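There are 2 protein chains.
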Amino acid sequence: MEQKPRIAIDMDEVLADTIDKFIEVYRRDHNTEILLQEMNGKEFHELLPDTLNHSWRDYVNAPGFFRDLKVMPGAVDVVKELCQKYDVYVVSAAMEFRHSLIDKFDWLADHFPFIDWRHIIFCGYKIVDVDIMIDDRIRNFTGFKGRSILYSSPHNFYITEYERVDNWTNVGDILL
Amino acid sequence: MEQKPRIAIDMDEVLADTIDKFIEVYRRDHNTEILLQEMNGKEFHELLPDTLNHSWRDYVNAPGFFRDLKVMPGAVDVVKELCQKYDVYVVSAAMEFRHSLIDKFDWLADHFPFIDWRHIIFCGYKIVDVDIMIDDRIRNFTGFKGRSILYSSPHNFYITEYERVDNWTNVGDILL
Chain A
28 MEQKPRIAID
38 MDEVLADTID
48 KFIEVYRRDH
58 NTEILLQEMN
68 GKEFHELLPD
78 TLNHSWRDYV
88 NAPGFFRDLK
98 VMPGAVDVVK
108 ELCQKYDVYV
118 VSAAMEFRHS
128 LIDKFDWLAD
138 HFPFIDWRHI
148 IFCGYKIVDV
158 DIMIDDRIRN
168 FTGFKGRSIL
178 YSSPHNFYIT
188 EYERVDNWTN
198 VGDILL
Chain B
28 MEQKPRIAID
38 MDEVLADTID
48 KFIEVYRRDH
58 NTEILLQEMN
68 GKEFHELLPD
78 TLNHSWRDYV
88 NAPGFFRDLK
98 VMPGAVDVVK
108 ELCQKYDVYV
118 VSAAMEFRHS
128 LIDKFDWLAD
138 HFPFIDWRHI
148 IFCGYKIVDV
158 DIMIDDRIRN
168 FTGFKGRSIL
178 YSSPHNFYIT
188 EYERVDNWTN
198 VGDILL
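If you read the protein sequences in the order shown, they are chains A and B.
Going by the working numbering, the first sequence opens with residue 28, and the numbers climb by one from there.
Going by the working numbering, the second sequence opens with residue 28, and the numbers climb by one from there.
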């Protein structure tokens, strides 16, 4: 059997809309409106007023934060199609936040049930042996010798060194 | 900075004594004594009487099963020393059992606090880009091009194709 090329797909800001959740909880809990269009080149927490600057860590460390994230538009259909042509792995740096492990596991079972457990990787450093990596964090491309595809997210707006996709339609266009 | 060689170290039956836990729960709950010396070449559940044959799945799927496993003798000291010479990752196929994720995370924090979250990988297929892999399951060596070191466990007793270690003293002898 011919080996399909392997892809590693990131979760936060690639499959799951984590920034949307941050905007929502700060609107709800702190009456603070963070605008996506002001976020270019910055991390979400850098836009918070000083008094709230570190509170984002409380959110990501709490059970449930990663459980109800919205799926990025088109992600399910395109990933399903990618599975025909590629050996698809979901690779998330979930290990940073203890409770995110089970939240992310359950979230994937809900939205991407066609990705079986053998193709899910929760890690820190992404030392995966794959051919293609789709990620919004360029630090995950360090030392990676395959094809690095940067998924657009406000924080990586000004980075120009990588092949870039803006959305899942783009991913389908270049990989299908 | 010179890059240290990377090692992937498995958890069950390598860092953690999962079989000891199985023996203990079947003794406690089912008055069934499984002897380690009868286990050569077999999986633990194959030694169970027919009526109990599938019950082991209930144990591994329950919260807490992987939380209180004994550490393999010498593992902590040798892994600590390995960290000086190698870039050490703990790589476990934890994704098979939902509740094992947090149990294994907490277990590692207790017994191997010097392994930071960036060096922990929970996965299914072990597609890791490392130089050395220490594992008791030869299926994890499939497609791996590095140095495969088989950690002795009853189920792999008759396998002769791999470099083998019987305990953590052995690991220290060949890698330190």
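Quick reminder that beta carbons are idealized off the backbone N, C-alpha and C, glycines included.
Everything numeric in this text was worked out from a predicted model, so none of it was measured.
- request: Drop a sphere of 10 angstroms on the beta-carbon of T45 (chain B), count the other beta-carbons inside from all chains shown, and report buried for 16 or more, exposed for fewer.
  value: buried
field: Alpha-carbon to alpha-carbon, V155 (chain A) and V118 (chain A)
entry: 8 Å
- prompt: Going by other Cβ atoms of all chains shown within 10 Å of its Cβ, with 16 needed for buried, is K153 (chain A) buried or exposed?
  reply: buried
- request: Assign R33 (chain A) to buried or exposed, taking buried as 16 or more other Cβ atoms, counted over all protein chains shown, within 10 Å of its Cβ.
  value: buried
field: Contact set for K31 (chain B): own chain, Cβ-Cβ below 7 Å, skip 5 residues either direction
entry: K112, Y113, D114
- prompt: Does the stretch 97-111 of chain A touch the stretch 57-74 of chain A, meaning 3 or more C-beta pairs lie closer than 8 Å?
  reply: no
message: Pull the bridge partners of A120 (chain B) from the DSSP assignment, please.
response: Answer is none; A120 (chain B) lacks a bridge partner.
task: Using a Cβ cut-off of 7 Å (strictly closer), state whether D156 (chain B) contacts chain A.
output: yes
Alpha carbon of G151 (chain A) to alpha carbon of I147 (chain B), nearest angstrom: 6 Å
- prompt: Just curious, the beta strand (DSSP E) that A89 (chain B) is in, first and last residue?
  reply: Note, A89 (chain B): premise wrong, no beta strand (DSSP E); not H, not E.
query: Would you report the Cα separation of N88 (chain A) and F124 (chain A), rounded to the nearest angstrom?
result: 6 Å
task: Determine which residues share a DSSP beta bridge with V162 (chain B) and list them.
output: The displayed chain sequence assigns Asp, not Val, to residue 162 (chain B). DSSP output for D162 (chain B) lists B:L177 as bridge partner(s).
field: chain B within 7 Å of I147 (chain A), Cβ atoms only
entry: yes
query: For M160 (chain B) and chain A, any beta-carbon pair shorter than 7 Å?
result: no
query: Which residue comes first and which comes last in the alpha helix (DSSP H) that contains V198 (chain B)?
result: 195-202
Members of the stretch 132-145 of chain A near chain B, C-beta cut-off 9 Å: F132, D133, A136, D143, W144, R145
- prompt: If we cut at 7 Å on Cβ distances, does C150 (chain A) have a partner in chain B?
  reply: yes
field: Host alpha helix (DSSP H) of F49 (chain B) (start-end)
entry: 45-57
field: Nearest to I201 (chain B) (by Cα), restricted to the options B:I165, B:R166, B:L109, B:R54
entry: B:L109
query: Of the residues that make up the stretch 33-48 of chain B, which ones have a beta carbon closer than 9 Å to any beta carbon in chain A?
result: R33, A35
- request: Please compile the residues from chain A whose C-beta is within a distance smaller than 9 Å of the C-beta of R164 (chain B).
  value: Here the premise fails: no neighbours, minimum Cβ distance about 13 Å.
message: Can you look up F71 (chain A) in the DSSP assignment and give me helix, strand or coil?
response: helix
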